[in-house]
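**Student:** Okay, so the sequence shown: first residue is 900 according to the numbering used here, each after it adds one.
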Amino acid sequence: MTSTLVTADDLFQRVRHVVPAVEWATMIDDVEAILRLKEERNAVILAHNYMRPEIFHGVSDIVGDSLALAREATKVEADVIVLAGVHFMAETAKLLNPSKTVLIPDLRSGCSLAESITPADVRELRRQHPGVPVVTYVNTSAAVKAESDICCTSGNAVKVIESLGVPEVIMIPDQFLAANIARQTGVKVITHPGACEVHERFTAKEIKQIRADYAGDVTVLVHPECPPEVVDEADYAGSTAQMVSFVAENRPARVALITECSMSDNVAQQYPDVEFVRPCNLCPHMKRNSLASIRHALETMTNQVTIDPAVAVRARAAVDAMLAV
Ligand code: 13P
Ligand code: SF4
900 MTSTLVTADD
910 LFQRVRHVVP
920 AVEWATMIDD
930 VEAILRLKEE
940 RNAVILAHNY
950 MRPEIFHGVS
960 DIVGDSLALA
970 REATKVEADV
980 IVLAGVHFMA
990 ETAKLLNPSK
1000 TVLIPDLRSG
1010 CSLAESITPA
1020 DVRELRRQHP
1030 GVPVVTYVNT
1040 SAAVKAESDI
1050 CCTSGNAVKV
1060 IESLGVPEVI
1070 MIPDQFLAAN
1080 IARQTGVKVI
1090 THPGACEVHE
1100 RFTAKEIKQI
1110 RADYAGDVTV
1120 LVHPECPPEV
1130 VDEADYAGST
1140 AQMVSFVAEN
1150 RPARVALITE
1160 CSMSDNVAQQ
1170 YPDVEFVRPC
1180 NLCPHMKRNS
1190 LASIRHALET
1200 MTNQVTIDPA
1210 VAVRARAAVD
1220 AMLAV
């Protein structure tokens, strides 16, 4: 949590392990402007765990995984929400706060999963599998959510599927998340050939190499958007927030977070006793967020997220069903 009472120097102490002083000096103007604009606009910044450290530790009010950001969005009292993340996250915040202004720093912040599927694809799956419930990963457009029975995130997918009490579900659009969850629940899963361009690139060979490099003395945590053979090599698989909790509770001496690059940078600050091995892949969409783009959105109030009301009412029902589980 930051406020204008916090100085840029205080904030530097939180990022100095990853941001050199000379670089921070170039950021101070934007940081101070954002802190001031948040007060003026009565705005809060919700930031995903993949944000750069200067956003995550510097200007955000609430940080978390997709589930936490959706839950927190239901509690916001401010007039303006800046969602530092990707477009589907900002849409979810808007679905849950139709009367508030929701800004996204860069409208081009997409997601390979969200782009892999259309509402027509969902309708076709329903036609092929009549009566089978559709569980949709939140990494989708509002229009796709509107065709769904319930949403899920990587943090609650098992719970959501088990809550349905059915032998078979359509789980879209991430084929790897679907395969991993099918193995955990024993429920038959029909899926779609979508994948996260960041997590699909990790390989089992890479994980074996990390273990060999440290003579086995490393705890490996992977995101369930990775292929099942990568999850098989891990000590634990979970959402980005579940990875943070695992580190907090188990304090491994050395850990590898198999996910997007900023995760380790952000988490390492809180756990100086843990060594972070940093194999990672960058998400180009998450990285479109910068201090400059956040400042610009707040200064100009541009990049407002809008959703067709007819779509929003159906999409919100699927998100609400998830939050009720
Ligand atoms: P989490 O919900 O685990 O934070 O994942 C979001 C995401 O985009 C992962 O690639
Ligand atoms: Fe989408 Fe993958 Fe980027 Fe997450 S990391 S926003 S799933 S492309």
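Note that beta-carbon positions come from the ideal geometry of N, C-alpha and C, so glycine has one too.
Source: prediction; values computed, not measured.
Between residue 1120 and residue 906, what straight-line distance do the alpha-carbon atoms span, to the nearest angstrom?
**Tutor:** For residue 1120 and residue 906, the distance between alpha carbons rounds to 34 Å.
**Student:** Tell me which same chain residues have a C-beta within less than 6 Å of the C-beta of residue 1081, skipping the five on either side of it?
**Tutor:** Around residue 1081: 1088.
**Student:** Please determine if the stretch 1088-1098 and the stretch 976-989 are in contact, where contact requires at least 3 C-beta pairs separated by less than 8 Å.
**Tutor:** Touching, no.
**Student:** Please classify residue 909: does DSSP put it in a helix, a strand, or coil?
**Tutor:** Helix, per DSSP.
**Student:** Given a cut-off of 7 Å on the beta-carbon distance, is the pair residue 1011 and residue 1096 in contact?
**Tutor:** Yes. Within cutoff.
**Student:** By the three-class DSSP mapping on this structure, what secondary structure does residue 1209 have?
**Tutor:** Of the three classes helix, strand and coil, the one that applies to residue 1209 here is helix, per DSSP.
**Student:** Does the contact criterion of 3 or more C-beta pairs under 8 Å hold for the stretch 1194-1201 versus the stretch 1127-1147?
**Tutor:** Contact between the stretch 1194-1201 and the stretch 1127-1147 is absent, because fewer than three Cβ pairs lie under 8 Å.
**Student:** Which whole-angstrom value describes the C-beta separation of residue 982 and residue 992, a residue pair presumed to lie in contact below a C-beta threshold of 8 Å?
**Tutor:** Yes, residue 982 and residue 992 are in contact; Cβ-Cβ is about 5 Å, under 8 Å.
**Student:** Pop quiz: residue 1161 and residue 1175 are said to be a contact at Cβ under 8 Å. What is the actual Cβ separation, rounded to whole angstroms?
**Tutor:** Contact doesn't hold; Cβ gap of about 12 Å is too wide.
**Student:** Given that a residue counts as buried once 16 or more other Cβ atoms are within 10 Å of its Cβ, and exposed if not, what is residue 916?
**Tutor:** Looking at its Cβ environment, which holds fewer than 16 other Cβ atoms inside 10 Å, residue 916 is exposed.
**Student:** Apply the 10 Å Cβ neighbour rule to residue 1023 and answer buried if 16 or more other Cβ atoms are within range, or exposed otherwise.
**Tutor:** Looking at its Cβ environment, which holds fewer than 16 other Cβ atoms inside 10 Å, residue 1023 is exposed.
**Student:** Pick from 966, 965, 948: whose alpha carbon is nearest that of residue 959?
**Tutor:** It is 948 whose Cα lies nearest to the Cα of residue 959.
**Student:** Using a Cβ-Cβ cutoff of less than 8 Å, which residues in the same chain neighbour residue 1150 once the five nearest sequence positions on both sides are dropped?
**Tutor:** Around residue 1150: 1170, 1172, 1173.
**Student:** Given a threshold of 16 other Cβ atoms within 10 Å of its Cβ, counted over all protein chains shown, does residue 924 qualify as buried or as exposed?
**Tutor:** Result: exposed.
**Student:** Would you list the residues sitting across from residue 947 in a DSSP beta bridge?
**Tutor:** Paired residues: 963.
**Student:** Using three-state DSSP, classify residue 1133 as helix, strand or coil.
**Tutor:** Reduced to three states, the DSSP call for residue 1133 is coil.
**Student:** Look up residue 1155 in the DSSP assignment and give the residues it is bridged to.
**Tutor:** 1119, 1176, per the DSSP bridge assignment.
**Student:** Under 7 Å between the Cβ atoms of residue 1032 and residue 1063?
**Tutor:** Taking 7 Å as the Cβ cut-off, residue 1032 and residue 1063 qualify as a contacting pair.
**Student:** Measuring CB atoms only, is the stretch 1105-1117 touching the stretch 1070-1085, in the sense that at least three cross pairs come out at less than 8 Å?
**Tutor:** With the cut-off at 8 Å, the stretch 1105-1117 and the stretch 1070-1085 do not touch.
**Student:** List the whole-angstrom C-beta distance separating residue 1159 from residue 1181, where the pair is believed to meet the contact cut-off of C-beta under 8 Å.
**Tutor:** Confirmed, Cβ separation roughly 7 Å.
**Student:** Relative to the ligand 13P, is the shortest distance from any of its heavy atoms to the C-beta of residue 1011 smaller than 6 Å?
**Tutor:** Not so, every heavy atom of the ligand 13P lies at least 6 Å from the Cβ.
**Student:** Output the boundary residues of the alpha helix (DSSP H) element that contains residue 921.
**Tutor:** Its alpha helix (DSSP H) spans residues 920-940.
**Student:** Specify whether the stretch 963-973 and the stretch 928-936 touch according to this definition: at least 3 beta carbon pairs, one from each stretch, less than 8 Å apart.
**Tutor:** In short, these stretches do not touch, since the Cβ pair count stays below three.
**Student:** Taking just the CA atoms, how far does residue 985 sit from residue 1019?
**Tutor:** Their Cα atoms are separated by approximately 23 Å.
**Student:** Mind checking whether residue 1034 and residue 1049 have CB atoms under 7 Å apart?
**Tutor:** In this structure, residue 1049 lies closer than 7 Å to residue 1034 by Cβ.
**Student:** Taking 8 Å as the limit between beta carbons, can you name the residues of its chain near residue 1220, skipping five residues before and five after?
**Tutor:** Here the set comprises 1048, 1049, 1050.
**Student:** Whole angstroms are fine: how far does the CA of residue 1046 sit from the CA of residue 1072?
**Tutor:** Those two C-alpha atoms are separated by around 13 Å.
**Student:** Under a three-way DSSP split, which group does residue 1168 fall into?
**Tutor:** The answer is coil: DSSP assigns residue 1168 none of H, G, I, E or B.
**Student:** What runs of the beta strand (DSSP E), each 3 residues or longer, lie entirely inside the stretch 984-1047?
**Tutor:** Counting whole runs of 3 or more residues, the stretch 984-1047 contains the beta strand (DSSP E) stretches 1000-1002, 1033-1036.
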